[in-house]
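Here the structure comes first, spelled out in structure tokens, and everything after it is commentary.
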Amino acid sequence: MLHDTYASWADTSSRRSLINVDPSTLKPNAVVAQDGSGGFNTIMEAVNTAPKRSAEPFIILIKAGIYKEYVTIPRGIENVVFLGEGPTKTKITGNKNFVDGTATFHSATVAVNGDGFMAKGIGFENTAGPEKHQAVALRVSADMSIFHDCMMEGYQDTLYTHSYRQFYRQCTISGTIDFIFGNAAAVFQDCKVIVRKPLSYQSAMITAQGRKDQHSVGGLVFDGCTITADPEFMDENPMPKSFLGRPWKEFSRTVVMQSFIDKNIDPEGWGPWVGTFAQDTCYYAEFNNKGPGADPSQRVKWKGVRQISQQEAAAFAPGTFIQGDTWIKTSNVPYDAGLMKA
1 MLHDTYASWA
11 DTSSRRSLIN
21 VDPSTLKPNA
31 VVAQDGSGGF
41 NTIMEAVNTA
51 PKRSAEPFII
61 LIKAGIYKEY
71 VTIPRGIENV
81 VFLGEGPTKT
91 KITGNKNFVD
101 GTATFHSATV
111 AVNGDGFMAK
121 GIGFENTAGP
131 EKHQAVALRV
141 SADMSIFHDC
151 MMEGYQDTLY
161 THSYRQFYRQ
171 CTISGTIDFI
181 FGNAAAVFQD
191 CKVIVRKPLS
201 YQSAMITAQG
211 RKDQHSVGGL
221 VFDGCTITAD
231 PEFMDENPMP
241 KSFLGRPWKE
251 FSRTVVMQSF
261 IDKNIDPEGW
271 GPWVGTFAQD
281 TCYYAEFNNK
291 GPGADPSQRV
301 KWKGVRQISQ
311 QEAAAFAPGT
321 FIQGDTWIKT
331 SNVPYDAGLM
341 KA
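Residue numbers (full-length UniProt numbering): 1 to 342.
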């Protein structure tokens with residue numbers, strides 16, 4: 001089940017904040033290396049040594065390598081930090097998927113349940129392929145989660161922003177259908193969103209936000225991002241249709257602002273779920289976007305689709321929308337509390 005309301009957010013001062021983390025000066029608590037040069041050969045072995053409910057960061061340095069394992073950060077294991085050597089060098093990969101019998105929620109290569117998680121320089125991958133349908137690379141069900149310079153690669157349902165507050169900076173997310181989905185309150189700044197070639201009978205859908213209650217805090221926000229396609233997809237003639245998103249739940253909410261939208265995005269912008277479901281109740285907003293796919297004049301005429309003002313857009317900046325000053329600011333990750341400079 002998705003979390004629709006988070007009453008504890010009302011008092012952010014009572015939430016445990018991340019300790020000041022500067023990766024270049026940190027001494028890791030655990031080192032993972034496939035060549036035996038670290039204390040651990042697998043990531044999960046290192047995670048299992050992390051203390052419960054610690055206010056101090058538990059830093060796991062993961063050296064370059066392709067780690068074929070399934071990793072879970074359990075609830076109660078808090079403030080874990082994954083430091084990789086770059087998202088194409090340190091990669092965690094799996095292939096669990098719906099077609100082969102694994103439910104979407106449990107298909108994640110990496111599942112984060114412990115609050116205060118942070119990852120830098122890590123690749124998260126699900127290689128199941130488009131014909132295997134739902135196959136999650138990364139599921140995040142933890143409050144105050146931060147991802148910097150990471151890569152999430154998959155096809156359908158790549159990144160499951162399941163619940164709570166999440167922040168993504170300078171990350172690359174790729175997929176085919178609903179590949180950024182869930183009901184977290186998640187902000188993406190200066191990220192690259194890449195549509196991959198779907199199956200021949202499919203249209204590509206980037207987001208499927210899952211807000212079920214109009215008063216809940218969930219939403220996907222993209223500020224200063226690049227929305228494009230991989231060359232294989234872009235060179236197709238005719239190019240398969242792709243859309244910014246579709247309404248998974250009745251009050252689906254997605255905001256795209258100050259971003260570059262490439263030609264692969266259909267002029268209508270947003271696609272249907274089933275029939276006219278949620279087209280009047282969703283909140284799909286755009287502000288000050290540019291690029292060949294950004295023309296607002298041809299967007300679908302749903303009641304829920306709109307262009308918004310700078311003042312309205314500011315409410316979705318991370319300082320306000322996810323109270324980022326209380327937990328992102330101390331992480332030393334690049335962070336704009338307000339709207340990014342266009």
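Ideal placement from N, C-alpha and C gives every residue a C-beta, glycine not left out.
Per DSSP, which one or two residues make a beta bridge with residue i?
{"i": "G223", "result": "The question names Gly, but residue 223 is Asp in the sequence shown. Answer is Q189 and M257."}
{"i": "N48", "result": "According to DSSP, N48 bridges with nothing at all."}
{"i": "F233", "result": "In the DSSP output, where bridge partners are listed per residue, F233 has none listed."}
{"i": "E250", "result": "E250 is not bridged to any residue."}
{"i": "Q307", "result": "E286"}
{"i": "E125", "result": "T93 and E153"}
{"i": "G245", "result": "T207 and W270"}
{"i": "Q279", "result": "None, per the DSSP bridge assignment."}
{"i": "S145", "result": "Q166"}
{"i": "T228", "result": "I194"}
{"i": "L138", "result": "V110 and L159"}
{"i": "residue 343", "result": "The structure shown has nothing for residue 343, since the chain only spans 1 to 342."}
{"i": "L83", "result": "L61 and K120"}
{"i": "A30", "result": "I60"}
Residue i by DSSP, collapsed to three states: which one?
{"i": "P23", "result": "Low confidence applies to P23: its pLDDT is 48, below 50, so where it sits in the model is not reliable, and the reading given next is rough at best. Residue state, collapsed to three classes: helix."}
{"i": "A313", "result": "helix"}
{"i": "F117", "result": "coil"}
{"i": "C322", "result": "According to the sequence as given, residue 322 is Ile; it is not Cys. The answer is coil: DSSP assigns I322 none of H, G, I, E or B."}
{"i": "Q298", "result": "helix"}
{"i": "K96", "result": "coil"}
{"i": "I62", "result": "strand"}
{"i": "T5", "result": "For T5, the pLDDT reaches just 37, beneath the cut-off of 50, and the residue's location in the model is therefore unreliable, although a value from the coordinates is still provided. Correct three-state label for T5: coil."}
{"i": "I73", "result": "strand"}
{"i": "T104", "result": "helix"}
{"i": "T42", "result": "coil"}
{"i": "K329", "result": "helix"}
{"i": "V110", "result": "strand"}
{"i": "D35", "result": "coil"}
{"i": "S13", "result": "Bear in mind that a pLDDT of 34 at S13, under 50, signals an unreliable position, so the number given afterwards is only what the model happens to contain. S13 falls in the helix class under three-state DSSP."}
{"i": "L18", "result": "Here the model assigns L18 a pLDDT of 38, short of 50, so the residue's position is not dependable and the matter cannot be decided."}
Would you say residue i and residue j are within 7 Å of each other, going by their C-beta atoms?
{"i": "residue 383", "j": "N264", "result": "The chain is shown from 1 up to 342; residue 383 falls before or after that span and cannot be answered."}
{"i": "G210", "j": "W248", "result": "yes"}
{"i": "V193", "j": "I322", "result": "no"}
{"i": "I62", "j": "G86", "result": "no"}
{"i": "N97", "j": "A135", "result": "yes"}
{"i": "I261", "j": "I227", "result": "yes"}
{"i": "K197", "j": "F243", "result": "no"}
{"i": "G338", "j": "A317", "result": "yes"}
{"i": "G114", "j": "I77", "result": "yes"}
{"i": "G224", "j": "A185", "result": "no"}
{"i": "V81", "j": "P51", "result": "no"}
{"i": "I66", "j": "K91", "result": "yes"}
{"i": "H133", "j": "Q166", "result": "no"}
{"i": "G175", "j": "T158", "result": "yes"}
{"i": "I146", "j": "V333", "result": "yes"}
{"i": "D266", "j": "K301", "result": "no"}
{"i": "K120", "j": "D149", "result": "yes"}
{"i": "S163", "j": "S141", "result": "yes"}
{"i": "D230", "j": "A208", "result": "no"}
{"i": "L199", "j": "P272", "result": "no"}
{"i": "T93", "j": "K68", "result": "yes"}
{"i": "F222", "j": "S259", "result": "yes"}
{"i": "C282", "j": "S252", "result": "yes"}
For the putative contact between residue i and residue j, defined by C-beta atoms under 8 Å, what is the C-beta separation to the nearest angstrom?
{"i": "R139", "j": "F117", "result": "Incorrect: roughly 12 Å between the Cβ atoms, too far for contact."}
{"i": "R246", "j": "M205", "result": "5 Å"}
{"i": "F124", "j": "M151", "result": "7 Å"}
{"i": "V32", "j": "G38", "result": "5 Å"}
{"i": "T254", "j": "Y284", "result": "6 Å"}
{"i": "F40", "j": "A30", "result": "6 Å"}
{"i": "E250", "j": "K303", "result": "No, E250 and K303 are not in contact; Cβ-Cβ is about 13 Å, not under 8 Å."}
{"i": "T109", "j": "Y70", "result": "6 Å"}
{"i": "N289", "j": "M257", "result": "7 Å"}
{"i": "M44", "j": "Q189", "result": "Not a contact, Cβ separation roughly 30 Å."}
In chain order, which alpha helix (DSSP H) runs of at least 4 residues are fully inside the stretch 148-216?
-> none
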